[in-house]
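Chemist: As you go down the protein sequences, you meet chains A and B in turn. If you count by this note's numbering, then the first sequence holds residues 1 to 111, one letter each, in order. If you count by this note's numbering, then the second sequence holds residues 1001 to 1114, one letter each, in order. Built from N, CA and C at the ideal position, the CB exists for glycine as well. Got a structure for you, questions after.
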Amino acid sequence: LAKTTQPISMDSYEGQEVNITCSHNNIATNDYITWYQQFPSQGPRFIIQGYKTKVTNEVASLFIPADRKSSTLSLPRVSLSDTAVYYCLVGGSFGNEKLTFGTGTRLTIIP
Amino acid sequence: NAGVTQTPKFQVLKTGQSMTLQCAQDMNHNSMYWYRQDPGMGLRLIYYSASEGTTDKGEVPNGYNVSRLNKREFSLRLESAAPSQTSVYFCASSARTQRGETQYFGPGTRLLVL
């Protein structure tokens, strides 16, 4: 299973763009990169998923360089409600459906 | 469409007691998972089921058993609860998309073992 490394915590002010980087040096050829968000006392919630280059949806963007050994989750103009733990996972390809969560990044938004 | 449901929401057990955590999904997903999350920690995979009738161990399977009863239901059993199993337990199911597996989580079961 590919191991991921993320910063333990980050702080940002409201209205700023936040970038959270995840390292996954041993990502397999067919693995995807997925980010989840978790609020206290709730299960994780899917944010975004990608394989290479850039993916954007209504809440975030995901940047993946050509070597795929890292990825960056970008949250535009964060608000207090974005305070949560963010997890980066790799895997999900056929035969590697077991997804392992790391310790995540605890993002705190400051008013 | 309820998504992933878990019962019970809360449970207190004494050491040595047994119990079964129930999980059901109505999204017709093939894969289902059980995770545990200790305070301030990430989620750790206990068991995984790629399809009805198959199960596989995750990172921390000791002290647990699972049953994939049918496509919808995946239960987790603690045969003899220990205080070290005090945790929040999350069930998830996943859908395969063009981009890979996307997991959907239940609300969790909070278990306290005294």
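1. Between the stretch 73-86 of chain A and the stretch 1071-1084 of chain B, do three or more beta carbon pairs fall short of 8 Å?
2. Could you pull out every unbroken beta strand (DSSP E) segment of at least 3 residues lying fully inside the stretch 1020-1055 of chain B, listed in chain order?
3. Taking the straight line between their C-alpha atoms, what separation do you get for B/Q1025 and A/P7?
4. Mind checking the stretch 36-47 of chain A against chain B and listing, in chain order, the residues whose C-beta falls within less than 8 Å of any C-beta there?
5. Enumerate in chain order the residues of its own chain whose CB-to-CB distance from B/E1101 is below 8 Å, with the five nearest sequence positions on each side excluded.
6. Across which residues does DSSP place A/K54 in a beta bridge pair?
7. Between the Cα of B/Q1103 and those of A/F63, A/I47, A/K69 and A/N19, spot the shortest distance and give me the residue it belongs to.
8. Within the chosen definition, does the stretch 55-70 of chain A reach the stretch 1001-1021 of chain B through at least 3 CB pairs nearer than 8 Å?
9. Go to B/L1076, then tell me how far its beta strand (DSSP E) extends in each direction, as first and last residue.
10. What does B/Q1103 pair with, by DSSP beta-bridge criteria?
11. Spatial neighbours of A/V18 within its chain, please: C-beta separation below 6 Å, excluding the five flanking residues on both sides.
12. Check distances from the C-beta atoms of the stretch 77-90 of chain A to those of chain B and list, in chain order, the residues that come in under 9 Å.
13. If I follow the unbroken beta strand (DSSP E) through A/T5, where does it start and stop?
14. Measure from the C-beta of A/F63 to each C-beta in chain B and report whether the shortest distance is under 8 Å.
15. For A/T108, is the classification buried or exposed, using 16 other Cβ atoms within 10 angstroms of its Cβ as the cut-off for buried?
16. Taking the alpha carbon of A/G102 as the point to measure from, which residue in B/G1106, B/G1042, B/R1068 and B/A1002 has its own alpha carbon closest?
17. Should A/L107 be flagged as near chain B, meaning a C-beta pair shorter than 8 Å?
18. Take the Cβ of A/R45 as the centre, count every other Cβ of all protein chains shown within 10 Å, and call the residue buried at 16 or more, exposed below.
Modeler: Here's the rundown:
1. They do not touch, by the three-pair rule.
2. You should have 1031-1037 and 1043-1049.
3. Going from the Cα of B/Q1025 to the Cα of A/P7 covers about 33 Å.
4. Flagged, chain order: Y36, S41, Q42, G43, P44, R45 and F46.
5. Result list for B/E1101: S1031, S1094 and A1095, in chain order.
6. By DSSP's assignment, A/K54 forms a beta bridge with A/F63.
7. Measuring from the Cα of B/Q1103, the nearest candidate turns out to be A/I47.
8. Touching, no, given that fewer than three Cβ pairs across the two stretches are closer than 8 Å.
9. B/L1076 -> beta strand (DSSP E) spans F1074 to L1078.
10. Under DSSP, the beta-bridge partners assigned to B/Q1103 are B/S1094.
11. Annotation for A/V18: S12, L75 and V78 place their beta carbon closer than 6 Å to its own, counting only its chain and skipping 5 residues before and after.
12. For the stretch 77-90 of chain A, the set of residues with a beta-carbon nearer than 9 Å to any beta-carbon of chain B comprises V85, Y87 and L89, in chain order.
13. Per DSSP, A/T5 belongs to no beta strand (DSSP E) and is neither H nor E.
14. Not an interface residue.
15. A/T108 is exposed by the Cβ-count criterion.
16. The candidate whose alpha carbon is nearest that of A/G102 is B/G1042.
17. Interface annotation, A/L107: not in contact with chain B, CB-CB separation never under 8 Å.
18. Burial call: exposed.
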